[in-house]
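Participant: Here the protein sequences line up with chains A and B, keeping their order.
Okay, so the first sequence: first residue is 6 according to the working numbering, each after it adds one.
Okay, so the second sequence: first residue is 6 according to the working numbering, each after it adds one.
2 protein chains.
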Amino acid sequence: MVKMDLNDLVNEKSEWLRGEGPRSDIVMSTRVRLARNLDGYPFFSRAKDEQRKNVLEKLVSVFKKNDLLKDAALIRIKDISEVDREFLVERHLMSQEHAVCVERKGLVVGKGEILSIMINEEDHLRMQILRSALNIREAWTAIDALDTSLGKSLTFAYSNRFGYLTACPTNTGTGLRASVMLHLPALEMTGQIEKVYEAISKLGLTIRGFYGEGSEAAGNFFQISNQVALGHSEGDILDNLERVINRTISREEQTRGYLIDKKKRETQDGIFRSYGTLKSARIITSRETIKLLSAVRLGVDLGIISGIDTSSLNEILLLMHPAHLQKINSKQLSSHERDIKRADMIRGKIGGGN
Amino acid sequence: MVKMDLNDLVNEKSEWLRGEGPRSDIVMSTRVRLARNLDGYPFFSRAKDEQRKNVLEKLVSVFKKNDLLKDAALIRIKDISEVDREFLVERHLMSQEHAVCVERKGLVVGKGEILSIMINEEDHLRMQILRSALNIREAWTAIDALDTSLGKSLTFAYSNRFGYLTACPTNTGTGLRASVMLHLPALEMTGQIEKVYEAISKLGLTIRGFYGEGSEAAGNFFQISNQVALGHSEGDILDNLERVINRTISREEQTRGYLIDKKKRETQDGIFRSYGTLKSARIITSRETIKLLSAVRLGVDLGIISGIDTSSLNEILLLMHPAHLQKINSKQLSSHERDIKRADMIRGKIGGGN
């Protein structure tokens, strides 16, 4: 494994925001994760500190010898600052939950931030592959390979009846959660998103907002994932997800066509106003920023706005977060100060001269 | 008198929007008008058509010989289109009331649109001097000279007890109404405008919105005028108005200073967002346009926005009106079409390239 300086990441584009790959006009990113626990150890929430420590050290020693992880870095969460923890959450490398009660918690981050492994989150291991755009199969292949490889050195808690055992029963079975982040402004604008919600929940899938569980949808970004990990093979779960994602993409695509054909002026108006505000604001919240970025992104995808690319918009979408802003400015910032620095950062990236 | 082609006026700057003169940072324009009626004729509302005709023709024949009106043009309202009538209202040359029931109504417009006389509005004569910025005395001198000059050829209805007689008793006495249009964004933003309203009505003055009687204040433009024409000399009326206007200007000025000192970011934010929206919108109502222009105007006055002057903002403030938009485009436009053409016109004047 290698050493990692988190400060080097600040100006790197996070994988989930690379903005390249299949259907990157509608799909932001694909995430596949597997939950695993070590046989013979209690689940994290029930384990004593000594046991937690043993899990962490055992996993670290195995990782160090694993060839797939030779370019990856190990971070002990308690060794890094609060801002750095938040920073890793903002980059989708670990969960919010993993950033609190940090004793005995670890994080492995692979090269290019595609792979990450949380140690001692809810489960002993949470392995994740994150790809930009629509890449379910590719992500699955990578995570499956890692799982197989680690399984040679580790014995995972497994029941012949239930499959892989996990702290929360919703993950038991395959331990698989695959999710795709979609940008669905046209469906939102035309009031069709409610129907999409209904259709998706009938198909055993979940739709969530920008920041995962319990979060509201912000800026028309929606995350669709499988709800159940038990009773279906990994292949079936991924097939079902892929089918629904493709159907949702088609629907968004058709609606974008309708907007351009029938509501061109109104669509342009909303998009250019958002772009104008983004370039002009001197104080701006992250919620408003996401909303405006969503509209501008649609403008780029529809060919209405030129002179800016999705990649720059994604950069803003990452840098606008609290920990990123604080790392860029190398100091703690109050909420109001962040709103100011956020506006300054945005104008620095896409400022229109006023 | 001279001939006038209204189409020649479209691209002229209306006097009230010239944006030059004393305190043009806060004062848009000054208007002074005198109401007069001809002795021996019933008031317009009580007159028969024949009498109305006689009043019109008598006044026209006197005007034609008056030296002060040799460069002025006469318009018979029934001879011009509805759009042209609206156009004259938008240029503050005549009242909305004068644009309906147009038989026997006339309008005299002086060179540069400073002087205008409505014939057979509520009174037989309504003479007006309109000046940009704060010019109460100058306007008074000009209207007084016209009144004196016309009085040599006409006998005005006059009572020794009441003074000049008018159709509405609120104008009886001097027949004088003097009003000043102020731009008071700082007082509005800081919630002080209500106090200004109170103070002003206690002093026997009236405060109104952008379009006079009964209209709401739009875009922080407020019109202050004397309420009573009876029982005070012209000098007293103008002194009182001038005093209150100067006090209101000081108050606005102080509050602008406070905004710059204590709320700089917030003020900049509001101003630049407004500017950004104005440059970006593809559909925009006149109400929103006035609101945004007000903010941008404040930005120019505070030195926050450069690269645009009050004069261009005033041009937009005039051209954005329905009849002006229709004359520019040489066709009738629905409300929705106007909102589109308005946005296009604005971007044409101050567009930021997106």
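Note that CB positions come from ideal geometry on N, CA and C, so glycine has one too.
Between the Cα of G214 of chain B and those of B:L330, B:I355, B:N225, spot the shortest distance and give me the residue it belongs to.
Facilitator: Checking every option, the nearest Cα to that of G214 of chain B belongs to B:N225.
Participant: Starting from the Cα of A328 of chain A, find the closest Cα among A:S311, A:G312, A:S317, A:R347 and give me that residue.
Facilitator: It is A:R347.
Participant: Judging by CA-CA distance, which residue of B:R28, B:R90, B:D149 is the nearest neighbour of K332 of chain B?
Facilitator: The shortest Cα separation from K332 of chain B among B:R28, B:R90, B:D149 belongs to B:R90.
Participant: Under 8 Å, do I31 of chain B and E258 of chain B count as touching if we go by C-beta distance?
Facilitator: Result yes, Cβ atoms of I31 of chain B and E258 of chain B sit closer than 8 Å.
Participant: Quick check on T177 of chain B: does DSSP put it in helix, strand or coil?
Facilitator: T177 of chain B falls in the coil class under three-state DSSP.
Participant: Just to confirm the assignment: which complete alpha helix (DSSP H) runs, minimum length 4, are found wholly within the stretch 218-299 of chain B?
Facilitator: For the stretch 218-299 of chain B, whole alpha helix (DSSP H) runs of length 4 or above, ordered along the chain, are 239-267, 269-285.
Participant: At the 8 Å Cβ level, is T282 of chain B part of the contact set with chain A, yes or no?
Facilitator: Cβ-Cβ to chain A under 8 Å: yes for T282 of chain B.
Participant: To the nearest angstrom, how far is the alpha carbon of M33 of chain A from that of L235 of chain A?
Facilitator: Their backbone Cα atoms lie some 27 Å apart in a straight line.
Participant: Grab me the residues of A109 of chain B's own chain with a C-beta within less than 6 Å of its C-beta, minus the 5 sequence neighbours each way, in chain order.
Facilitator: Before going further, note that residue 109 of chain B is Arg rather than Ala in the sequence given. Answer for R109 of chain B: R57, K58, L61, N125, listed in chain order.
Participant: State yes or no: is the C-beta of L139 of chain A within less than 8 Å of the C-beta of R252 of chain A?
Facilitator: Result no, Cβ atoms of L139 of chain A and R252 of chain A do not sit closer than 8 Å.
Participant: For I229 of chain B, which option in B:L246, B:I242, B:H237 has the closest C-alpha, if you only look at C-alpha atoms?
Facilitator: Ranking the options by Cα distance to I229 of chain B, first place goes to B:L246.
Participant: Compare the C-beta of D274 of chain B against all C-beta atoms of chain A and say whether one is closer than 8 Å.
Facilitator: At least one chain A Cβ lies under 8 Å of D274 of chain B.
Participant: Here's the rule: buried if 16 or more other CB atoms are within 10 angstroms of the residue's CB, otherwise exposed. What is P174 of chain A?
Facilitator: Classification of P174 of chain A: exposed, given that the 10 Å Cβ count is below 16.
Participant: Does any residue of chain B have a CB that is nearer than 8 Å to the CB of A393 of chain A?
Facilitator: There is no way to answer for residue 393 of chain A, as the model of chain A reaches only from 6 to 359.
Participant: Have a look at S86 of chain A and D344 of chain B and give me their C-alpha separation to the nearest angstrom.
Facilitator: Rounded to whole angstroms, S86 of chain A to D344 of chain B spans 53 Å at the Cα level.
Participant: May I ask you to list, following chain order, the residues of the stretch 317-348 of chain A that have a beta carbon less than 8 Å from some beta carbon of chain E?
Facilitator: Absent from the structure is chain E; the protein chains it does hold are A and B.
Participant: Taking only beta-carbon positions, decide if F92 of chain A is within less than 8 Å of chain B.
Facilitator: No, F92 of chain A does not count as interfacial toward chain B.
Participant: Can you check whether the CB of R136 of chain A is closer than 8 Å to the CB of E239 of chain A?
Facilitator: No; because the gap between Cβ atoms is not below 8 Å, this pair is not in contact.
Participant: Going by CA-CA distance only, name the one from B:L303, B:K70, B:L64, B:V65 that's closest to L187 of chain B.
Facilitator: Measuring from the Cα of L187 of chain B, the nearest candidate turns out to be B:L303.
Participant: From A:M123, A:R248, A:L11, pick the residue whose C-alpha is nearest to that of A204 of chain A; which is it?
Facilitator: Here the closest residue by C-alpha is A:R248.
Participant: Let me know if D266 of chain B comes out buried or exposed under the rule of 16 or more other beta-carbons within 10 Å of its beta-carbon.
Facilitator: Looking at its Cβ environment, which holds fewer than 16 other Cβ atoms inside 10 Å, D266 of chain B is exposed.
Participant: Along the chain, where does the beta strand (DSSP E) that runs through L155 of chain B open and close?
Facilitator: No beta strand (DSSP E) contains L155 of chain B, which is instead part of the alpha helix (DSSP H) from 141-156.
Participant: Helix, strand or coil for A77 of chain A? Go by DSSP, reduced to three states.
Facilitator: Residue state, collapsed to three classes: coil.
Participant: Between the stretch 245-278 of chain A and chain B, which residues of the former have CB atoms less than 8 Å from a CB of the latter, in chain order?
Facilitator: Those residues of the stretch 245-278 of chain A that come within reach of chain B (Cβ to Cβ, closer than 8 Å) are R270, E271, Q273, D274, F277, R278.
Participant: Helix, strand or coil, according to DSSP, for M350 of chain B in the structure here?
Facilitator: M350 of chain B: helix per DSSP, three-state reduction.
Participant: So, A144 of chain A versus V233 of chain A, is the Cβ gap smaller than 8 Å?
Facilitator: No, these two residues do not count as a Cβ contact at 8 Å.
Participant: Are the beta-carbon atoms belonging to V67 of chain B and S158 of chain B less than 8 Å from one another?
Facilitator: Going by C-beta atoms, V67 of chain B is nearer than 8 Å to S158 of chain B.
Participant: Quick one, are the C-beta atoms of A172 of chain B and D128 of chain B less than 8 Å apart?
Facilitator: Cβ atoms of A172 of chain B and D128 of chain B: closer than 8 Å.
Participant: Considering only C-alpha positions, which residue in the set B:S184, B:Q133, B:I355 is nearest to I310 of chain B?
Facilitator: The option with the nearest alpha carbon to I310 of chain B is B:I355.
Participant: By alpha-carbon positions, which one of B:G115, B:E17, B:A52 ends up nearest to S7 of chain B?
Facilitator: Before going on, a small fix: residue 7 of chain B reads as Val here, not Ser. V7 of chain B has its Cα closest to that of B:G115, out of B:G115, B:E17, B:A52.
Participant: Could you check whether G168 of chain A and G178 of chain A sit closer than 8 Å to each other, using their CB atoms as the reference points?
Facilitator: In contact: G178 of chain A and G168 of chain A (Cβ atoms closer than 8 Å).
Participant: Below 8 Å on the Cβ atoms is my guess for L264 of chain A versus L283 of chain A; work out the distance and round it to an integer in Å.
Facilitator: The Cβ separation is near 20 Å, so there is no contact.
Participant: Taking DSSP as the reference, what is the three-state secondary structure of L210 of chain A?
Facilitator: In this structure, L210 of chain A counts as strand in the three-state DSSP scheme.
Participant: With DSSP as the reference, identify every bridge partner of A183 of chain A, one or two as the case may be.
Facilitator: Paired residue(s): A:V37.
Participant: With DSSP as the reference, label F92 of chain B as helix, strand or coil.
Facilitator: Here F92 of chain B sits in helix by DSSP.
Participant: Based on the DSSP secondary-structure assignment, which residues constitute the bridge partners of I122 of chain A?
Facilitator: Looking at the DSSP assignment, I122 of chain A forms a beta bridge with A:V113, A:M132.
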